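Residues 1 to 356 (full-length UniProt numbering) make up the sequence shown, in order. By construction, the Cβ of each residue, glycine as well, lies at the ideal position given by its N, Cα and C atoms. Remember, predicted model here, so these are calculated numbers, not experimental data.
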Amino acid sequence: MTGGRSWSGRGGRTPQHAFPSPRRACWGALPSPPPTWWKDGRLIDSTYHYEPPPTSVRRGGQASSVPEIVNTIHLRALQKDNLRDVYTCKAANHELAPVLEATLQLDMNFGPEEVEIRGLEEAVSAGRPHQVVCEARESRPPAVLTWWLNGTMKKSVTHMTSLDGLVSTSTLELIIYSEDEGKLLTCRAENPDLPAASIEASHHLQVLYPPEVKVAAGPSLDLNHIKEGDDVYFDCHVKARPDPSKITWLFNGAELHHNASSRVMVVGRSLVMQKVTRRQAGSYACGATNSQGANTSSTIRLAVKYAPVCRVEQTDVYGVGRHEKTTVTCRVNADPPVTSYRWAFNNTGEFVNIPR
1 MTGGRSWSGR GGRTPQHAFP SPRRACWGAL PSPPPTWWKD GRLIDSTYHY EPPPTSVRRG
61 GQASSVPEIV NTIHLRALQK DNLRDVYTCK AANHELAPVL EATLQLDMNF GPEEVEIRGL
121 EEAVSAGRPH QVVCEARESR PPAVLTWWLN GTMKKSVTHM TSLDGLVSTS TLELIIYSED
181 EGKLLTCRAE NPDLPAASIE ASHHLQVLYP PEVKVAAGPS LDLNHIKEGD DVYFDCHVKA
241 RPDPSKITWL FNGAELHHNA SSRVMVVGRS LVMQKVTRRQ AGSYACGATN SQGANTSSTI
301 RLAVKYAPVC RVEQTDVYGV GRHEKTTVTC RVNADPPVTS YRWAFNNTGE FVNIPR
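Listed below in structure tokens is the structure:
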């Protein structure tokens with residue numbers, strides 16, 4: 001091919017579908033058959049048109065006035081399968097002359113086609129490191145992967161790209177807690193050259209955690225005004241995943257069991273005590289157990305009010321001589337404390353009040 005250029009056109013990568021007709025042109029010079037385009041040994045285009053020669057083309061110091069023959073092909077609706085397609089422009093100015101060829105290989109940009117999160121197929125134990133993997137495929141150049149937890153970016157520990165550049169992998173080391181239950185973990189895959197082509201994969205976190213336990217008095221009870229003979233019940237509030245397999249009740253640190261004859265009943269997550277006595281005053285707590293561990297609530301104090309009762313350890317028989325003086329002490333238990341006393345003399349015949 002004499003006095004002509006072999007090929008020209010848009011260079012660099014072509015975004016998929018970005019240019020409906022990426023232009024590739026091949027020039028020949030007169031006299032010659034028109035240049036032709038070939039792919040995989042097959043003729044794909046033999047159309048041509050004439051163009052004035054560029055001013056930069058000179059022959060013997062003079063600008064050429066010979067028009068050029070141009071064959072332009074338009075590559076329409078490119079797909080990913082067209083990556084690295086090879087096109088060859090052929091031209092010759094005589095059938096006996098050697099054919100001149102110029103070859104180009106098609107390079108392309110395209111966004112990620114698929115993104116997937118692995119490692120969260122089952123619920124995750126709280127407070128323990130857990131590795132989660134995100135993989136994006138079919139992006140060119142390789143996808144950039146970022147992690148987000150309820151909209152807050154998380155830093156990954158590794159980022160790898162396959163040898164062919166089409167698979168990107170990111171690993172996140174995640175430590176989650178009970179309060180993260182239900183939060184949305186997202187992996188975003190972005191092509192740095194095609195911002196609009198980003199895609200995401202998301203997963204709602206399922207967290208396994210030991211019971212979080214609180215004890216509370218029944219909503220209709222006023223613990224400041226419980227007296228002997230009243231009914232009392234406590235509720236054990238448990239937040240756990242999985243649900244607790246066992247609920248226990250403690251009275252002053254010792255396990256309390258269901259005992260209907262003593263009017264102490266464990267019903268579901270409630271403790272019911274009927275007709276309480278002062279001996280049931282003290283500290284109560286509940287505990288819960290599941291596969292992730294066991295915890296016990298803080299204590300709640302039950303005070304039971306009762307009328308004054310004489311203490312058993314005091315002297316109830318005094319020996320005293322006639323006309324002698326003695327001191328008699330009255331010791332009682334009561335809640336609330338005693339505010340006044342009344343003394344009386346009790347003999348076999350009558351009960352006589354003693355003035356203060």
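query                                                                                                                              : result
Cβ-based neighbour list, serine 270, same chain, cut-off 6 angstroms, excluding 5 preceding and 5 following                        : Tyr233 and Asp235
Nonlocal neighbours in the same chain, by C-beta distance under 6 angstroms from valine 167, ignoring five residues either side    : Arg137
First and last residue of the uninterrupted beta strand (DSSP E) at glutamine 131                                                  : 130-137
Nearest neighbour of isoleucine 247, chosen from Thr158, Asp222 and Pro210 [CA to CA]                                              : Pro210
Boundaries of the beta strand (DSSP E) in which glutamine 314 is found, first to last residue                                      : Where glutamine 314 is concerned, there is no enclosing beta strand (DSSP E), given that its DSSP letter is neither H nor E.
Rounded C-alpha distance that separates phenylalanine 345 from aspartate 316                                                       : 13 angstroms
Nearest-angstrom Cα separation, counted from glycine 229 out to glutamine 314                                                      : 26 angstroms
Delimiting residues of the beta strand (DSSP E) encompassing tyrosine 87                                                           : 86-91
Identity of the residues DSSP links to glycine 218 by a beta bridge                                                                : Paired residue(s): none; glycine 218 is not in a bridge.
Those runs of the alpha helix (DSSP H) which lie wholly inside the UniProt domain "Ig-like" (211-301) and span at least 4 residues : none
Check whether alanine 285 and valine 304 have beta carbons under 8 angstroms apart                                                 : no
Residue range of the beta strand (DSSP E) that includes alanine 307                                                                : 306-310
Where serine 21 sits in the DSSP three-state scheme                                                                                : Confidence in serine 21 is poor, its pLDDT being 43 and thus under 50, which makes the residue's placement unreliable; the coordinate value appears in the next sentence. In the structure shown, serine 21 sits in coil (DSSP, three-state: anything other than H, G, I, E or B).
Closest residue to isoleucine 176 among Asn259, Leu120 and Glu324 (Cα-Cα distance)                                                 : Leu120
Boundaries of the beta strand (DSSP E) in which proline 195 is found, first to last residue                                        : 194-204
Three-state class that DSSP yields for serine 168 in the structure shown                                                           : strand
Candidates Trp38, Val320, Glu324 and Arg311, of which the one nearest cysteine 330 by Cα                                           : Arg311
Contact the segment 179-194 vs the segment 144-156: 3+ CB pairs below 8 angstroms                                                  : yes
Between the CA atoms of glutamine 274 and leucine 302 - distance to the nearest angstrom                                           : 14 angstroms
Aspartate 335, DSSP secondary structure in three states                                                                            : strand
Serine 21 versus glutamate 114: straight-line alpha-carbon distance, rounded                                                       : A caution first: serine 21 carries a pLDDT of 43, below 50, which makes its placement in the model unreliable, though a value can still be read off. Taking the straight line from one Cα to the other gives about 26 angstroms.
Residue range of the unbroken beta strand (DSSP E) whose run includes lysine 39                                                    : 36-39
Backbone secondary structure at glutamate 113 - three-state DSSP                                                                   : coil
Leucine 100 versus His130, Val132, Thr36 and His159, residue with shortest Cα-Cα distance                                          : Thr36
Endpoints, the beta strand (DSSP E) within which valine 157 is located                                                             : Counting along the chain, valine 157 falls outside any beta strand (DSSP E), and DSSP gives it neither H nor E.
Range of the contiguous beta strand (DSSP E) that encloses glutamate 190                                                           : 184-191
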